[in-house]
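Colleague:
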Amino acid sequence: MRSFSPPPLLHLSIPLAALILAVWAQVPRGASGLDAADEWLRDRFVVAQAADTPEPRILVVDIDETSLAAHPWPWSRERLAELVETLIGDGARAVALDILQGEPGDAAGDMRLAVLAQQGPLVLAQLFDYEQRPQALRFGRPAGGTAAAAAGGAVPAYGFIANHAGLARAPHVGNIGVRPDPDGVLRRVPMYTWFEQRRFPTLSRALLDCCAAPAAAAAAAHGKNDGYQRVPFSRSLDAYTVAKAGEILDGHVDPALVAGRLVLIGSSSLSIGDRVATPLGRSSPGLLVHAAMLTTLLDQQAGLAPAPWPGRLMAVLFASVVVVLAGYTFARLSAAVNVLMLACASLTWLMLAYGLSVHDPDFSVSGPLLSIGFLLAVGVPFHWQLAQSGSRRLLDTMRRYVAGEVVDELLRSGLKDPLAPRQLQVTTLIADMEGYTTQVEALPVEEAARLTTDFLDCLTRPVLENKGTLDKYTGDGLVAFWGAPIPNDQHADLALDAAARILREVAILSARRVRAGGQPLRVRIGIESGLAMVGDYGTSFRSIYTAVGDSVNTASRLEQAARDFPHDVIIGQGTVGYATRHRFLSLGRHALRGKEHPIELYTLEQPA
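Under this note's numbering, the first residue of the sequence shown is numbered 88, with each subsequent residue one higher.
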């Protein structure tokens, strides 16, 4: 018993599908399970990579619980102005106030804040809404930003919560509106927001621009990272210097701690502060997000940011190497060795992706793992099954479709891949019972099943006795072909012999039914010859040896056309050209469904 080798296309389909998955994973798309896996892995990387090295360029001023105990909330605008003036007086480069002031407060305090915002290095906050709501948010008056006729890369907004009109002339105002990912974790911020023909920077960008030269700020406002940008969270919470707002107001903070730093004022208090889920924690101070983004911008400005790498390309290349390796080893090594190889590939990719993630924020971390998982779940079992089946699979498959003597001849031929798809000249015969539904609808189930079985016997027996290959049953009919898997120059004549025999068998069955009080039977047969792709197009779950091509489609059209003729067998001109032992009657040129031009049709003049 010879061992069985599957067609090359079957060997290639699984690695090719795995590679397609790897490429597809790198294509930007909407939220999906794969994106969730990507973000989960990236979150693990962020936690492992977040450094606790002190961040000397930023000072976080926290209105914490102790500050609120010493100076109860709500604070007057005078107190906020005093806090900002103290920080600026201690040498802060610029101050960002992560507190919305939607309603006017005490007039003197509002005036002091307005002056600081217009003439000093103070950045106010406003919040843009990215949800399309039935009633858009409209509170306060947006300020800052630059005119822009189109959004460009900026994120469109549909509403806002801004400061009161008395602060609307502030030139530097930063957006604190965000949009968490579907799992509720905040990983990205909109660097620029587009609203009513203006572009507004995020708070960290506005703070950096506040103390930059106008030309540099203008250049930054038209950078390539305008839309949602991933926050790297390159530093942990402990890396940031935090000063309590109450201690600053009470003069208990050394001015040296403030001098030369960019200052973010916000609150971690549960009563007034905002808490968000980030990769670093499920309840992180919202101010941390702005601080982390500010660190990133400062690193970029100083040339300290990780160099960009083509993560998507590297992921696809890695998956390609694994796919090629798997395509070689699957057919040569045991399933256990292949599983071990894929496990090692997964670990290798995780280590590579860990380092690559800081250089490319957008590539799919889990893409190559998806490809490897597919090879593990499909490729390994597939090749294991091939190794187990061997020649038994060949014989079992062939004897279901091909006459016994054809199988014996096939084995004697010594073909290495007898089931591999090949282009051959074949003749296809398609037969069907006319009015099958009418015949069986009034019969009991047992009689209907018996009629179907008897009719299919009349079709199948002549096919196999004339060395045909049974393609499939079509309920009340069948598809068969000649000329494959063993090429046969007499394929057309053998098919015509089978058709003539089918007519006789059906006539005998029909006469027997009429004598028993039943309705007569008629079979419709279409026959055409020509090139077709013939082979095993199966999978690891099920195989089918079939023929595919224009001649096969034409045979189906001819069988359908038989209902318009008094003849039971309609033959195409391809079969007429190949036949040598039969005579034909021309039926003229007729248009068939799916054919651009009419073709010559024939029927048998007399049985062979």
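We put the CB at the ideal spot given by N, CA and C, even for glycine. Computed from a predicted structure; not experimentally measured.
When you compare only the Cα positions, how much space is there between G398 and A507?
Modeller: Cα to Cα, G398 sits roughly 39 Å from A507.
Colleague: Classify P366 as helix, strand or coil using the three-state DSSP reduction.
Modeller: P366 falls in the coil class under three-state DSSP.
Colleague: Enumerated in chain order, which unbroken segments of the beta strand (DSSP E) with a length of 3 residues or greater are wholly contained in the stretch 119-207?
Modeller: Runs of the beta strand (DSSP E) inside the stretch 119-207: 142-149, 181-184.
Colleague: How would you write the range of the alpha helix (DSSP H) that Y428 sits in, first residue to last?
Modeller: What sits at residue 428 in the sequence shown is Met, not Tyr. Segment 422-443, the alpha helix (DSSP H) holding M428.
Colleague: Taking C-beta to C-beta, are N262 and T233 nearer than 8 Å?
Modeller: Taking 8 Å as the Cβ cut-off, N262 and T233 do not qualify as a contacting pair.
Colleague: On a Cα-Cα basis, can you pick out the residue from A249, S321, A402 that is closest to S451?
Modeller: Taking only the C-alpha atoms, the option nearest S451 is A402.
Colleague: Is M278 helix, strand or coil by DSSP?
Modeller: It is coil, neither helix nor strand.
Colleague: With DSSP collapsed to three states, give me the class of L457.
Modeller: If DSSP states are grouped into helix, strand and coil, L457 belongs with the helices.
Colleague: Check each candidate in E592, R180, Q472, G442 and name the one with the smallest Cα separation from C545.
Modeller: Comparing Cα positions, the closest option is E592.
Colleague: Under 8 Å, with one C-beta from each stretch per pair, do the stretch 178-185 and the stretch 152-162 reach the 3-pair mark?
Modeller: Short answer: they don't touch.
Colleague: Taking the CB atoms as reference points, tell me whether S407 and L106 lie closer together than 8 Å.
Modeller: It is a contact, given that the beta carbons lie within the stated cut-off.
Colleague: Can you tell which of K554, R600, W471 has its C-alpha closest to the C-alpha of D584?
Modeller: The candidate whose alpha carbon is nearest that of D584 is K554.
Colleague: So, is E692 buried or exposed, given that buried needs 16 or more other C-beta atoms within 10 angstroms?
Modeller: E692 comes out exposed.
Colleague: Using DSSP bridges, identify the partner residues of R676.
Modeller: For R676, which the question treats as bridged, DSSP gives the partners E687.
Colleague: Is it right to say M278 is buried, meaning 16 or more other beta carbons lie within 10 angstroms of its own, or is it exposed?
Modeller: By the 10 Å Cβ count, M278 comes out buried.
Colleague: Count the C-beta pairs between the stretch 337-350 and the stretch 134-151 that are closer than 8 Å, then say yes if the count reaches three, no if not.
Modeller: Touching, per the Cβ criterion.
Colleague: Does the Cβ of T667 have 16 or more other Cβ atoms within 10 Å, making it buried, or fewer, making it exposed?
Modeller: Exposed.
Colleague: Can you tell me the Cβ-Cβ gap for F671 and I658, rounded? I've got them flagged as a contact below 8 Å.
Modeller: About 6 Å; that satisfies the 8 Å criterion.
Colleague: In or out: G622 buried (at least 16 other Cβ within 10 Å) or exposed?
Modeller: Classification for G622: buried.
Colleague: Report back the beta-carbon spacing between S355 and P366 to the nearest angstrom; my notes put them in contact at under 8 Å.
Modeller: Not confirmed; about 18 Å, so no contact.
Colleague: Just confirm the distance between the C-beta atoms of T140 and K331, as a whole number of angstroms; I'd bet it's less than 8 Å.
Modeller: Not confirmed; about 23 Å, so no contact.
Colleague: To test your reading of the DSSP string, which unbroken alpha helix (DSSP H) runs of 4 or more residues are found completely within the stretch 326-362?
Modeller: Counting whole runs of 4 or more residues, the stretch 326-362 contains the alpha helix (DSSP H) stretches 332-336.
Colleague: Enumerate in chain order the residues of its own chain whose CB-to-CB distance from E190 is below 7 Å, with the five nearest sequence positions on each side excluded.
Modeller: Contacts found: H251.
Colleague: With distances taken from CA atoms, which of L462, S421, D177 is nearest G338?
Modeller: Looking at the Cα atoms, D177 is the closest of the given residues.
Colleague: Which residues does DSSP pair with W471 in a beta bridge?
Modeller: Note: W471 sits in no beta bridge, so no partner.
Colleague: Is the beta carbon of S444 closer than 8 Å to that of R129?
Modeller: Going by C-beta atoms, R129 is nearer than 8 Å to S444.
Colleague: By DSSP, does P395 sit in helix, in strand, or in coil?
Modeller: Of the three classes helix, strand and coil, the one that applies to P395 here is coil, per DSSP.
Colleague: Under the DSSP definition of a beta bridge, which residues are partnered with N262?
Modeller: DSSP lists Q213, T289 as partners of N262.
Colleague: Decide yes or no for the touch test of the stretch 646-660 against the stretch 537-544: beta carbon pairs closer than 8 Å, at least 3 of them.
Modeller: They do not touch, by the three-pair rule.
Colleague: Assign F542 to one of three DSSP states: helix, strand, or coil.
Modeller: Of the three classes helix, strand and coil, the one that applies to F542 here is helix, per DSSP.
Colleague: Taking a contact to mean a Cβ-Cβ separation below 8 Å, would you say V202 touches V260 in this structure?
Modeller: Against a cut-off of 8 Å, the Cβ pair of V260 and V202 comes out as no contact.
Colleague: If you reduce the DSSP assignment to three classes, tell me which class L511 lands in.
Modeller: Strand.
Colleague: In terms of residues, what are the limits of the alpha helix (DSSP H) holding Y523?
Modeller: First-last of the alpha helix (DSSP H) with Y523: 523-528.
Colleague: Using C-beta distances below 8 Å, list every residue in its chain close to R285, excluding the 5 sequence neighbours before and after it, in chain order.
Modeller: Counting only Cβ-Cβ distances below 8 Å, and skipping sequence neighbours, we find P229, G232, T233, A234, A235.
Colleague: Output needed for P448: all residues of its chain with C-beta closer than 6 Å, excluding positions within five of it in sequence on either side, in chain order.
Modeller: So the qualifying residues of the chain are R317.
Colleague: Under three-state DSSP, which class holds Y624?
Modeller: The answer is coil: DSSP assigns Y624 none of H, G, I, E or B.
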